[in-house]
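Reading through the structure tokens given below for one structure.
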Amino acid sequence: MVAIQILRDLRGLRVQVVHPPDNERVRLVEHLRRIGCMVETQWPVPECWSDNCDVMLLAVEHDVRSDIQRLLKSGDGPRPTLIAVVGYEDPSTLQLVLEAGAVAVIERPIRPFGLLTNLTIARSIWLEKRETDKRIRKLERKLSGIQRIQKAKAVLMDGQGLSEAEAYESIRRQAMAKRLSMDDMAAAIIHANELLQYRAKDV
Amino acid sequence: MNFSENTGDPWRVGVLFSQTGVTSAVEQSQLNATLLAIEEINSGGGVLDRMVEPVIYDPSSDPKQFRSLAERLFQVDRIRLLFGCYMSSTRKAVLPVVEGHRGLLFYPTLYEGFEYSRHCIYTGAAPNQNSLQLAKFLLATYGNRFLLVGSNYIYPYESNRLMADFVVQARGKVLDEIYVPLEAAPRDFEKVINRIKKTSPDVIFSTVVGRGTSVFYEAYRKAGFDPAKMPIASLTTSEAEVAEMHREAAEGHITAAPFFETSSSPSARRFVESFKARYGPDAPVTAAAEAAYFQLHLAMRALARCGSDDPERVLKELRDSEFDAPQGRVRIDPENNHTYLWPRIARLDKFGRFQTVWNPGVRIKPDPYCVVQSLDDWSADDLQTISH
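These protein sequence lines map, in sequence, to chains A and E. Under my numbering, the first sequence has 71 at position 71, and the numbering climbs by one with no breaks. If you count the second sequence from 1, you need to add 1000 to reach my numbering.
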């Protein structure tokens, strides 16, 4: 059902075609419209990512290499699904394709057959990657939280001679009393300990 | 290098419809219609004073033969325009050859959509021109519990996917989805009949094509089911398939198509009368034949306008061109090379003739890349024209 949803969403998908104005671009735009996408064209390579496009088809040309690199460095905000349009498959073109983070490649001359497939695969990989990134960020946050609690427990165990279970219980009770999360409580304990350590050394 | 421009030689065109094999009945009707149109043009003096000469082969419902005969037509017979194909598998086999020779294929058959080649003109219905309307009619008339049966190839799968989607939209249920071999024998339908008995659906949606169709309808009849309560509905059961079954086996079942032999408009009557006069009263006139007929006329009119059978120039003339076809005025969509058509639905009467039960009188733009169609795209008012 996820697969069919991607196909459904292709209708009305906002596609920006960054490609020199020529016959190839005309064919590309015509077929994207046939598929049902909302298409806008753009050339030269824009300076930054557009807010209102879901997919960018980017002509990877050597003579605009620096423009492409400038675009890639611009902003950390959300990026569209990137599909490269190439006329060569030599290593330096491919390097640029990889650096750009393209998830699919369309070759010139443009043929209608295959565009729908590429669009679908690109969208699927990109959505999956976005989900994965989200999950990784969440896990990273969780992991560093666990590490903090671990460290706070060590502080209490060392400083107050508690067992691990007692240290944990102590953090939990204090967090509840102060209406803080375990993570924040742990951070406060670590912080306070650092202050005390500093003074101890200072004296 | 060519060809016959500005000479008295005939215009040679390629014609590939199967006269043998599993889908020969309907393809023979397409061949008949193509030749009828050519005769009409020739008896009127040809195109720019040159006769039209068809080069005809029988590809036997086999994709490989379609491919090699298409190669022969382009390489040996030096044709540039090709008329033919019924099953999608045969069109897919022929198209690379047509594209390789920069030719133009005219394809007069309903199919599953999701294709565009600038070397092909599609004159049969895309799913948004028949499936949607049929689904809406069936859901409103019979209920929302469907059993899907099809031949085992691409068209039935895609058609069934779309129909299942409509059924789900109507909060209905697909009870089962069964595929039979293309060359289906009676025993292949035993499982289908058993499933019908067991599940008693409101509608059986059939995408069985060719000879298996009559076998299926006969089996249904023999099992004693009632078509008034549980009809077989189809997009591919045409006059040609009905001609292969007993009348009693056909009665009560439903088909959606842009044209029926019984269509009553003057131009439809004229077409059917000429067809029967030429091929006999029992020769079936199908929607696929009607498309084969008008596409030949459309192509030759384009040829007359540009004075050449150069596919690029013919293509340019075809874009946006309109033609008074037997089904009504059709038009080639310049965006996708498909055709604006007139959806209709008919029920088979006790004489095995299609009687129209729904005819909104609306011409529909082709949308071959429509992944999901909403049932709400048609207002309920359209369905009140149904006469029972």
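Even for Gly, the Cβ is constructed at its ideal location relative to N, Cα and C.
query                                                                                                                             : result
Whole-angstrom C-beta distance between residue 1204 of chain E and residue 1193 of chain E, which should lie under 8 Å            : Contact doesn't hold; Cβ gap of about 10 Å is too wide.
Residue(s) in a DSSP beta bridge with residue 1351 of chain E                                                                     : Bridge partners of residue 1351 of chain E: none, in fact.
Test: residue 1336 of chain E CB closer than 8 Å to a CB of chain A                                                               : yes
Cα-Cα separation, residue 1083 of chain E to residue 75 of chain A                                                                : 55 Å
Simplified DSSP state of residue 49 of chain A, which is helix, strand or coil                                                    : coil
Reference residue 1191 of chain E, options E:1347, E:1364, E:1176, E:1183, closest by Cα                                          : E:1176
Short-range partners of chain A found in the segment 1166-1198 of chain E, where Cβ spacing is below 8 Å                          : none
Cβ-based neighbour list, residue 1069 of chain E, same chain, cut-off 7 Å, excluding 5 preceding and 5 following                  : 1016, 1057, 1059
Residue 1268 of chain E and residue 1343 of chain E closer than 8 Å at C-beta                                                     : no
Given 8 Å, three or more beta-carbon pairs between the segment 1358-1370 of chain E and the segment 1122-1142 of chain E          : yes
Buried versus exposed call for residue 981 of chain E [16 or more other C-beta atoms within 10 Å across all chains shown]         : This structure does not reach residue 981 of chain E, given that chain E is present from 1001 up to 1388, and the question cannot be answered.
Inter-stretch contact (C-beta, 8 Å, three-pair minimum) for the segment 1223-1232 of chain E and the segment 1158-1172 of chain E : no
Chain E residues whose Cβ lies nearer than 9 Å to that of residue 36 of chain A                                                   : 1367, 1369, 1370, 1371
Inter-residue Cα distance where the pair is residue 62 of chain A and residue 1208 of chain E                                     : 53 Å
Proximal residues, the segment 1103-1114 of chain E versus chain A, C-beta separation under 9 Å                                   : 1114
Residue 91 of chain A at chain E interface by Cβ criterion, 8 Å                                                                   : no
Those residues which DSSP pairs with residue 1051 of chain E across a bridge                                                      : According to DSSP, which records beta bridges pairwise, residue 1051 of chain E is partnered with nothing at all.
Short CB-CB distance (under 8 Å) between residue 31 of chain A and chain E                                                        : yes
Nearest neighbour of residue 1152 of chain E, chosen from E:1163, E:1180, E:1324 [CA to CA]                                       : E:1180
Cβ-based contacts, 9 Å cut-off: residues of the segment 1115-1128 of chain E near chain A                                         : 1115, 1116, 1117, 1118
Residue 1333 of chain E to residue 1320 of chain E span [Cα, whole Å]                                                             : 6 Å
Spatial distance of residue 60 of chain A from residue 111 of chain A (CA atoms)                                                  : 17 Å
Close beta carbons around residue 176 of chain A, own chain, < 8 Å, minus the five adjacent residues each side                    : none
One or two residues paired with residue 1176 of chain E in a DSSP bridge                                                          : E:1147
Contact between the segment 183-190 of chain A and the segment 148-167 of chain A (3+ Cβ pairs under 8 Å)                         : yes
Residue range of the alpha helix (DSSP H) that includes residue 107 of chain A                                                    : That residue, residue 107 of chain A, is in no alpha helix (DSSP H); its beta strand (DSSP E) goes 104-107.
Cβ of residue 11 of chain A within 8 Å of any chain E Cβ                                                                          : yes
CB contact flag (residue 1199 of chain E, residue 1147 of chain E, <8 Å)                                                          : yes
At least 3 beta-carbon pairs within less than 8 Å: the segment 1029-1039 of chain E vs the segment 1288-1306 of chain E           : yes
Local conformation of residue 1102 of chain E per DSSP, three classes                                                             : coil
Distance CB(residue 1257 of chain E)-CB(residue 1217 of chain E) smaller than 8 Å                                                 : no
Sequence ranges, beta strand (DSSP E) only - wholly within the segment 1061-1096 of chain E, length at least 3                    : 1081-1084
Contacting residues, own chain, Cβ-Cβ under 6 Å from residue 1001 of chain E (five flanking each side not counted)                : Note that residue 1001 of chain E scores a pLDDT of 42, beneath 50, so its modelled location is shaky and nothing firm can be said.
C-beta contact flag for residue 1041 of chain E and residue 1088 of chain E at 8 Å                                                : no
Residues that residue 57 of chain A contacts on chain E, provided the C-beta gap is smaller than 9 Å                              : By Cβ distance, chain E contributes nothing, its closest Cβ being about 17 Å from residue 57 of chain A, past 9 Å.
Closer than 8 Å to chain E by CB, residue 112 of chain A                                                                          : yes
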